[in-house]
Amino acid sequence: MKLQHRLGGIEGLGPIEFQKRVFVESWEKRIFGIHVAMMGLSNHLGESLPKYPISKVPTAFKSFWTWGHLRVGAEAMNPFDYFKFRYYEKWLGGISGFFVSEGYITQEELDARTAVYLEDGNVNAAPLPSKPNEAIDKQVIKYLREGDSGKRETKAAPKFAVGDKIMIKDVPPEKHTRLPGHLRGKTGVVSEVYEGAYTYFFQTGDGIGTPMHCYAVAFKPEKIWGKAMSDPNSTFYADLFETYMTAA
Amino acid sequence: MSDKKQFSYDTDREIYSAARVRALEALLIEKGVISDKTVHKVLGYFEKEMGPFNGAKIVARAWIDPAFKSRLLKDATSAIAEMKLPAGMAGAEGEHMKVAENSQKVHNVIICTLCSCYPWPTLGLPPYWFKDPTFRARMAREPRAVLKEFGLDLDPSVEIKLWDSSAQIRWFVLPERPAGTEGMSEEKLASLLTPEAMMGVAKVAA
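Taken in order, these protein sequences are the chains called H and Y. Mapping the first sequence onto my numbering, position 19 (from 1) lands on 269, and the numbers just tick up by one. Mapping the second sequence onto my numbering, position 135 (from 1) lands on 201, and the numbers just tick up by one.
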């Protein structure tokens with residue numbers, strides 16, 4: 251497991267920067283917009299619930315790109331590097347690397363174009379090429395409005411009911427996990443069984459992807475951190491996929 | 067708190083990133099991956115249509131209409147759909163939302179220890195502090211100390227409930243209606259809300 255898989259509870263970190271802005275540099279807005287566009291043009295959207303007409307959208311983007319892919323990139327980082335880069339710096343590294351490795355652009359042209367903008371000086375205001383394509387924009391906004399729900403019908407009965415005592419498995423996180431490290435091996439009580447089943451963007455090595463039940467599980471903090479290290483009179487709830495849970 | 071410590075880097079680093087992202091966007095436009103307006107339209111969507119102003123209206127409605135509030139707590143998605151808000155309230159990152167209600171005895175806080183899951187249609191995009199690894203690490207284990215640093219000193223008798231968004235639900239908090247707001251219009255009430263109050267790190271001031 252990597253440090254970014256188990257951030258919860260790390261000691262000795264010092265005060266938090268209460269930075270209320272969403273973007274602290276204007277360039278960050280651009281990488282955010284590119285990521286959203288990639289999600290809204292992803293080739294899997296033809297099979298998603300809104301059944302987007304994705305094959306008819308006139309974009310050169312033909313790849314599968316979701317939150318899951320962005321997270322795989324962040325989880326693949328050297329754990330110490332993960333903390334050296336600001337949030338959107340990680341996005342910029344991951345997304346530009348993706349476009350190079352998928353062959354949309356070459357590293358050489360990215361470097362050369364970067365150098366041109368660097369020379370220009372006033373980078374954030376530098377003009378972009380003029381090339382309208384309303385059909386692309388329409389699909390991206392349609393994706394934002396209609397989403398990509400992971401909820402699916404299921405005939406399978408949930409394995410657990412409200413009030414059941416469960417233990418969290420300690421499965422290897424592989425390349426991507428939705429199981430917070432601090433809950434591994436801990437016991438909790440099911441507080442809600444969510445209706446329906448939930449898929450994930452793709453099958454992960456640790457067992458999510460096929461539609462399965464999801465639960466809210468309540469943990470007593472002393473069961474997670476030990477009594478001396480816990481806040482009294484608090485409860486830690488986590489939303490969890492069924493595959494991560496076993497009867498306790 | 068100043069912006070100077072964790073969120074300020076030397077200018078070279080920022081200029082390099084700005085040039086890098088400009089280069090990437092220019093190449094993607096030239097190659098027909100996105101259009102020259104795609105990023106602009108995405109940003110406009112969050113500036114004008116999907117932001118904490120939606121959550122504020124929902125909370126204000128719940129404060130004045132108890133029947134709406136109980137529907138909101140039971141099934142947030144359908145209750146929100148009753149309101150006249152922009153199309154897309156169950157769209158990206160809001161497909162499945164739940165609302166946690168604060169009271170005199172219970173204080174809720176939303177977190178995402180694995181990444182930055184957040185209910186986009188109701189709260190917009192998450193502020194930097196929510197995405198900060200230090201916040202994600204510390205709030206999980208020592209919520210009282212963190213809330214105190216954020217200026218919220220809770221009585222020990224108040225139970226804190228932390229909601230870690232590790233699967234498919236996106237949470238937000240229904241804060242307590244402040245005293246002295248009796249008779250206020252729904253619109254005026256909505257203007258009192260902040261993203262921080264709807265995330266559980268602040269109370270609403272009248």
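Glycine included, C-beta positions come from ideal geometry on N, C-alpha and C.
- Within chain H, V272, F273 and F282 have C-beta atoms less than 9 Å from the C-beta of L191/Y, given in sequence order.
- Listed in chain order, the positions of the segment 409-441 of chain H with a beta carbon within less than 9 Å of a beta carbon of chain Y are T427, R428, L429, P430, G431, H432 and L433.
- Of all residues in the segment 460-489 of chain H, only C464, Y465, A466, A468, P471, I474, W475, M479, S480, D481, P482, N483, S484, T485, F486, Y487, A488 and D489 come within less than 9 Å of chain Y when Cβ atoms are compared, listed by chain position.
- In the DSSP assignment, R210/Y is bridged to no other residue.
- For D420/H, no alpha helix (DSSP H) run applies, since DSSP gives it neither H nor E.
- Cβ-Cβ distances below 6 Å link P192/Y to S182 and Y184 in the same chain, with the five nearest sequence neighbours on each side left out; the list follows chain order.
- K197/Y belongs to the set of residues whose beta carbon lies under 9 Å from a beta carbon in chain H.
- When Cβ pairs closer than 8 Å are counted between the two stretches, the segment 311-321 of chain H is seen not to touch the segment 369-381 of chain H, the count staying below three.
- In this chain, the alpha helix (DSSP H) harbouring W475/H covers P471 to W475.
- In this structure, the CA atom of I95/Y is about 6 Å from the CA atom of D102/Y.
- Spatial neighbours of F349/H in its own chain (CB-CB distance under 7 Å, excluding positions within 5 residues in sequence) are listed in chain order as I355.
- Within 7 Å of the CB of S136/Y, no CB atom of chain H is found; the nearest one sits about 16 Å away.
- Sequence-ordered contacts of the segment 290-308 of chain H with chain Y are nonexistent [C-beta pairs closer than 7 Å].
- Around the beta-carbon of K135/Y, 16 or more other beta-carbon atoms lie within 10 Å, marking it buried.
- For V172/Y, the enclosing beta strand (DSSP E) covers residues V172 to I177.
- Considering only A310/H, F410/H and L291/H, the residue with the shortest C-alpha distance to K301/H is L291/H.
- When DSSP states are grouped into helix, strand and coil, G438/H belongs to the strand group.
- Proximity of chain H to R210/Y at the Cβ level (cut-off 9 Å) is accounted for by D481, P482, N483 and S484, in chain order.
- Around I226/Y, the beta-carbon contacts reaching into chain H at under 8 Å are D481, N483, S484 and T485.
- One finds nothing in chain H with a Cβ atom closer than 7 Å to the Cβ of L240/Y; even the nearest lies about 16 Å away.
- A direct Cα-Cα distance of roughly 8 Å separates A365/H from A85/Y.
- Proximity to R207/Y across H255/H, H426/H, E369/H and K477/H peaks at K477/H, based on C-alpha coordinates.
- Per DSSP, W277/H is one residue of the alpha helix (DSSP H) stretching across S276 to L291.
- Under the Cβ criterion of 9 Å, S144/Y is not counted among the residues facing chain H.
- In the DSSP assignment, W229/Y is bridged to Y487/H and I176/Y.
- Within chain Y, no residue has its CB atom less than 9 Å from the CB of G318/H, the nearest being about 10 Å off.
- Assigned with DSSP and collapsed to three states, L240/Y falls in strand.
- Only residues of its own chain outside the window of five on either side were considered, and among them P241 and V270 have a CB closer than 6 Å to the CB of A263/Y, listed in chain order.
- C-alpha of M417/H to C-alpha of D387/H: approximately 46 Å in a straight line.
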